[in-house]
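Numbering (full-length UniProt numbering), first residue to last: 1 to 244. Note that beta-carbon positions come from the ideal geometry of N, C-alpha and C, so glycine has one too.
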């Protein structure tokens with residue numbers, strides 16, 4: 001005869017095991033410093049769950065058309081969304097939904113493009129603003145020259161990573177002229193592809209870093225450095241695995 005406590009435990013364990021294979025997505029965010037004409041990209045990455053997965057992207061509740069944006073699935077666990085040139089129509093709430101045979105998960109992020117600027121008769125003006133700002137010729141030339149230097153969007157690891165989960169981040173160039181050289185580092189040491197670490201070049205503007213199964217050794221400060229003939233930029237993100 002089965003003990004009552006054992007039967008009750010089995011009842012709760014069975015649905016827990018079933019739901020454990022449902023996908024869980026890493027939260028994603030757009031950069032908060034996006035101007036008109038810049039490039040925006042976010043990555044939707046599955047931390048846990050069993051493939052195959054179906055990825056769907058939405059804007060303000062409506063499924064996105066690939067004529068408006070670029071959507072790429074570059075492995076079984078990851079899809080990225082790219083908007084090549086931002087404008088006022090790009091503003092909105094973007095959602096990634098991932099489903100498999102066991103269930104689904106979805107995460108959303110708001111994209112807000114900063115004010116649109118125009119150059120008229122030697123002056124800059126922000127739309128809907130009442131004031132004008134005069135820019136000297138020397139400063140304007142300097143700004144145009146530095147515009148070709150790469151500028152990276154910030155990236156972050158999920159804050160709820162447990163041992164054995166999959167971690168993924170994306171290093172995306174918002175402005176600057178290719179070709180770019182991407183370098184990934186951990187605690188100042190260059191990372192290479194292999195031994196549970198996957199480094200991929202999604203396109204000319206984007207590189208991704210994935211750790212197949214995080215553990216105590218995965219903890220550290222990760223950085224992406226991007227350079228071109230004009231200069232370089234670098235961003236950092238801390239990875240901290242729970243319980244380590």
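| task | Just the C-alpha distance for residue 73 and residue 56, rounded to the nearest angstrom, thanks. | result | 10 Å
| said: By DSSP's criteria, residue 92 is part of a beta bridge. Which residues make up the other side? | reply: 111
| query | Any contact of the region 153 to 173 with the region 101 to 115, i.e. 3+ C-beta pairs under 8 Å? | reply | no
| query | If we ignore side chains and look at the alpha-carbon of each, how far apart do residue 222 and residue 106 end up? | reply | 26 Å
| task | Spatial neighbours of residue 201 within its chain, please: CB distance less than 6 Å, with the 5 preceding and 5 following residues excluded, ordered by chain position. | result | 207
| Other residues of its chain near residue 266: CB distance less than 7 Å, five sequence neighbours each side excluded | Outside the shown range of the chain (1 to 244) lies residue 266, about which nothing can therefore be said.
| query | Sorted by chain position, which residues of the same chain lie with C-beta nearer than 8 Å to residue 78's C-beta, five sequence neighbours on each side aside? | reply | 43, 44, 45, 46, 168, 208 and 210
| message | Buried or exposed, going by whether 16 or more other CB atoms sit within 10 Å of the CB of residue 90? | response | buried
| query | Cα-Cα, which of 198, 204 and 187 is closest to residue 177? | reply | 204
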